[in-house]
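A short write-up of the structure that comes next.
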Amino acid sequence: MQRAVRGAGLMICILGASLCARAQEPGAAAPKAAEPEPKITCIVCHSNLGGQLAMPTKPFPTDVHAEKGLTCASCHGGDPTSMDPKVAMSPAKGFRGKPTREQVPEFCGRCHSDTAYMHRYSPTVQTDQVRQYYTSRHGELLRQGNPQVATCINCHSVHDIKLVSDPASPVYPTNIPGTCGQCHSNQDYMGAYTDLPGLTQVAYYEKSVHYQALTIQGNLSAPTCVTCHSSHGATPPGVRSVADVCGRCHAQNLQFFQKSAHAAAFADMGVPGCVQCHGNHAILSANEAMLAGPASVCMTCHVEGDAGAQRSEEMAGQIRKLDAAIQQARATLEDADRAGMDVSVATAELTTAHSHLVMSRTAIHSLDTAQVEAEISQGIPVAEQALQEGRDKLAEVQSRRKGVALFSLLVLAIVFSLYLYIRLEDKPKRQSQ
Amino acid sequence: MAFSPRAWLDERLDLSPVREFVEHKSVPVHRHSYWYYLGGMTLFLFIVQAMTGILLLLYYQPSEANAFESVRFIMTQVRFGWLIRSIHGWCGNLLIALAFAHMFSTFFLKSYRKPRELTWVSGMLLLFLMLGFGFSGYLLPWNTLSYFATMVGTNIAGVVPGLGQFVLRFLRGGDSVTGATLTRFFGFHVAILPAIIGPVLLLHLLLIQKQGMSVPLSVEQEYRAKGTTPPSIRFFPDFLLRELMGWYLALAVLAGLAALVPWELGVKADPFAPAPPGIQPEWYFLFMFQTLKYIPAKIFGFDGEVLGILAFGVAGLLLLLVPFLDRAAAKGLRSKIVKRAGVIIVIYILTMTTVAYVANLAR
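Going down the list, the protein sequences come from chains A and B. Start counting the first sequence at 1; every next residue gets the next number (the working numbering). Start counting the second sequence at 1001; every next residue gets the next number (the working numbering).
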């Protein structure tokens, strides 16, 4: 993308002549797609120039700006109706040329920060991106004169910009890790930033349960880099704000945690809340192994036999009990379902037990075994009832089989009777022979 | 005078020729007589299949969205729906097994010899049509196994040179197995194939009635040497009573299979899910499927799979035309070549089917 911008700059240097034509300024009426398109000489000339000067012309027709009726002159100014480069690129005609990297946020912000203008395209569109950008680490460094940091075009690209909802956009949810990783996983690019924790963020994130939800389950609401770090105002969450960041989605976990003894203890120790046990980028699926056993995260602070260790063992045991009961019931119901029995009611009931399992896993953040037990004691009877219903259905399959087998034996008895009858009928014939 | 339905019908339809036919029809008795019952048992199973199929049709919905759910409804909500579906599933398999047995018994007893060439040809057509019923019906429950087995089966059809791709697209109603394939197979299963099999079955039965039961060549030669003909029994009631025993036996086996291995609902087909390991077509296509696995990719520069499918096509054609190829049988003589070819075919089919099953179990 940077090369594309540099290409545009080179184009301006070579063709830096006159031009006129009023660029579509913020405040001007948005072009109507149905109106006859004005003659765009920029594309005509630049597509014939070749090399970097021609590069913007190829992707631009599918750029969201072009699709909305904007032209080169809408951003770069000048007079796109003139075939004379001196006229077309005349400062007198409002020609602005290629912005420097420091100018990019304001360059895009001319329209994107203009609420009245942007509302013509979408009444709900966000217009505070540039303001947010300057609060971000990227924006801060840019203002400090560091042109290497990301600006609008590093994430959104340039001349082939797509809507965020377009799967081809670099900022479409599934593409975000890759887009951020272009810089944040690049040793050559990030080497100078010694205050950053490393280059493993994207690699670790791709191992996380969040990434699995995003890519394997196709859940576009699953957290990506921007969910925790923000997009335009990207900044690392501080120790105090980590729990709040996670709590935006995991609200109940946050509530339990904040009421627990851990909240104050973690604050005193100066360790971030959720991240202390779950990690940050490589967040794996949480289960009882985190509570008790060799992979217990509790034991990183607690010691064998202390109150915390005993409590975590107790909670893990309770949760495993309900989990096992649900799994057994589910397997039995699936067997019955495959056998053609109606288990829809029992399967629906089992989701209630699963809700209690989820809640019990959430309640461990309270460190209160009574709360965990309360969930378990509600979930176990539901799971047991579903298991019994599954067993009853399988028993019904067996009784049906017995019924059909009995019928089969009855028919065989008829066959045997017929055989005896035929032999009896044939007896005189056989004797006569 | 008391009302007599027989007299009433006679007065209007004159059933005396039918009565005459039934009273005088006889069936030869010899040491191979029991093979005669296979045809009747196959017919009985066909009737069961048609009746249970009609019952299933009352609830089945042939669409990608509803097929599996409607079969689930039949099995879980419709009274005795589980039994009807299980009987229909097993009956289809037993029917094809008996049709194969009937075909091979007829082959080895040389019943296809003059003047019964057309009876053989119509019987072979019936067998092919029944295979078509099996293939088209297997997809209809729209579960994982049926979906991927159909994918494999139609892929094989697509390999045939020239017409293959056309046949593939014709069968699938597109490039892949989709809801369009399901609708199409349903059409084949309940409309096109029944419309074809009806007249062919009628012709087959009429020819049997017209020409009577064939006496095996070996038996015929023995009695010819003695200067006599084999003894016979009356069709009604003696033969029919024995036939009825065969029908009951088929019913008992059918119920036994339904009891031992109830036909399951399975898991709904997911076209985007990976194919489960060891997916195979129905057992009656297994010998061909397994053979194609063993054929080298290239044979003398030709595609091995194509050659394999062509070989099966030629074998089927030869089998169809065997009455016209076995000139010795037409003259009342035994042909060792034809008999040995038949034995080799039976051993080959049984071996390859067993190998396919064992390989799948080992997997």
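We put the beta carbon where it would ideally sit given N, CA and C, even for glycine.
Residue i to residue j span [Cα, whole Å]
i, j, result
"Tyr-1060(B)", "Phe-256(A)", "51 Å"
"Arg-1242(B)", "Tyr-419(A)", "8 Å"
"Pro-982(B)", "Ala-1149(B)", "Nothing can be reported for residue 982(B): it is not among the residues displayed for chain B, which extend from 1001 to 1363."
"Leu-1182(B)", "Ile-1197(B)", "21 Å"
"Pro-1271(B)", "Asn-1143(B)", "10 Å"
"Val-1121(B)", "Lys-1298(B)", "34 Å"
"Ala-1002(B)", "Ser-1146(B)", "59 Å"
"Val-397(A)", "Leu-1292(B)", "39 Å"
"Val-1261(B)", "Gly-340(A)", "13 Å"
"Glu-67(A)", "Pro-173(A)", "22 Å"
"Arg-1072(B)", "Gln-252(A)", "39 Å"
"Ala-33(A)", "His-65(A)", "The predicted position of Ala-33(A) is uncertain, since its pLDDT is 45 and thus under 50; a value taken from the coordinates is nonetheless stated next. Spanning the two alpha carbons is a distance of roughly 12 Å."
"Ile-1096(B)", "Leu-1131(B)", "7 Å"
"Ala-30(A)", "Tyr-211(A)", "With a pLDDT of 45 at Ala-30(A), under the threshold of 50, the predicted position of this residue should be treated as unreliable, though the coordinate-derived value follows. Using only the alpha carbons, I get a separation of about 39 Å."
"Ala-324(A)", "Met-299(A)", "24 Å"
"Thr-57(A)", "Thr-151(A)", "22 Å"
Same chain, Cβ closer than 6 Å to residue i, neighbours up to 5 away in sequence not counted
i, result
"Ser-221(A)", "none"
"Pro-237(A)", "Val-245"
"Asn-219(A)", "Ala-213"
"Leu-1307(B)", "Ile-1299"
"Lys-1025(B)", "Phe-1235"
Same chain only: Cβ atoms within 8 Å of residue i, ignoring 5 sequence neighbours per side
i, result
"Val-382(A)", "Glu-349, Leu-350, Thr-352, Ala-353, His-356"
"Ala-295(A)", "Ala-289"
"Gln-1280(B)", "Ala-1149, Val-1152, Leu-1286, Phe-1289, Ala-1356, Asn-1360"
"Phe-1108(B)", "Lys-1339, Gly-1342"
"Val-44(A)", "Met-83"
Endpoints, beta strand (DSSP E) assigned at residue i
i, result
"Ile-1233(B)", "1232-1234"
"Ala-245(A)", "The amino acid at residue 245(A) is misidentified as Ala; the sequence shows Val. Not the beta strand (DSSP E): Val-245(A) falls in the alpha helix (DSSP H), residues 242-247."
"Val-1027(B)", "1026-1028"
Residue i: contacting residues in chain A (beta-carbon distance under 7 Å)
i, result
"Arg-1242(B)", "Ile-422"
"Ala-1252(B)", "Ser-408, Val-411, Leu-412, Val-415"
"Trp-1082(B)", "Gly-340, Arg-400"
"Thr-1076(B)", "Gly-340, Met-341, Asp-342"
Contact list for residue i against chain A, beta-carbon separation under 9 Å
i, result
"Tyr-1248(B)", "Val-411, Leu-412, Ile-414, Val-415, Leu-418"
"Thr-1042(B)", "By Cβ distance, chain A contributes nothing, its closest Cβ being about 17 Å from Thr-1042(B), past 9 Å."
For residue i, three-class secondary structure by DSSP
i, result
"Pro-1270(B)", "Just to set this straight, residue 1270(B) is Asp in the shown sequence, not Pro. DSSP places Asp-1270(B) in coil when its eight states are reduced to three."
"Ser-208(A)", "coil"
"Asp-342(A)", "coil"
"Lys-427(A)", "helix"
"Asn-1143(B)", "strand"
"Ile-283(A)", "coil"
"Asp-1238(B)", "helix"
"Ile-216(A)", "coil"
"Phe-1186(B)", "helix"
"Phe-1302(B)", "strand"
"Ile-1364(B)", "Coverage of chain B is limited to positions 1001 through 1363, which leaves residue 1364(B) absent and any answer about it impossible."
"Asn-1155(B)", "helix"
"Ser-432(A)", "helix"
"Trp-1263(B)", "coil"
"Gln-1280(B)", "coil"
"Asp-1014(B)", "coil"
Close Cβ partners of residue i (< 7 Å) along its chain, the five nearest in sequence each way excluded
i, result
"Lys-427(A)", "none"
"Glu-1117(B)", "Pro-1323, Phe-1324"
"Ser-260(A)", "His-365, Ser-366, Leu-367"
"Gly-109(A)", "Val-130"
Cross-chain neighbours of residue i in chain B, by beta carbon under 8 Å
i, result
"Arg-338(A)", "Glu-1264, Leu-1265, Gly-1266, Val-1267"
"Ala-405(A)", "Ala-1255, Gly-1256, Ala-1259, Leu-1260"
Heavy atom of the ligand MN within 8 Å of residue i beta-carbon
i, result
"Pro-1005(B)", "Annotation note on the ligand MN: not contained in the displayed structure, which lists no ligands."
Where the alpha helix (DSSP H) through residue i begins and ends
i, result
"Met-315(A)", "307-338"
"Glu-1294(B)", "For clarity, residue 1294(B) is Tyr in the given sequence; the question names Glu instead. Taken as a continuous stretch (DSSP letters only), the alpha helix (DSSP H) holding Tyr-1294(B) covers 1283-1294."
"Met-1075(B)", "1067-1076"
"Met-1130(B)", "1117-1139"
"Cys-108(A)", "104-112"
"Pro-1323(B)", "1322-1325"
"Val-1355(B)", "1336-1362"
"Met-1051(B)", "1036-1057"
"Ala-1225(B)", "1217-1226"
Proximal residues of chain B, C-beta to C-beta of residue i below 9 Å
i, result
"Ala-386(A)", "Here the premise fails: no neighbours, minimum Cβ distance about 17 Å."
"Ser-397(A)", "First, the amino acid is wrong: residue 397(A) is Val here, not Ser. Simply Trp-1082, Pro-1262."
Neighbouring residues, chain A, relative to residue i (Cβ below 8 Å)
i, result
"Met-1245(B)", "Val-415, Leu-418, Tyr-419, Ile-422"
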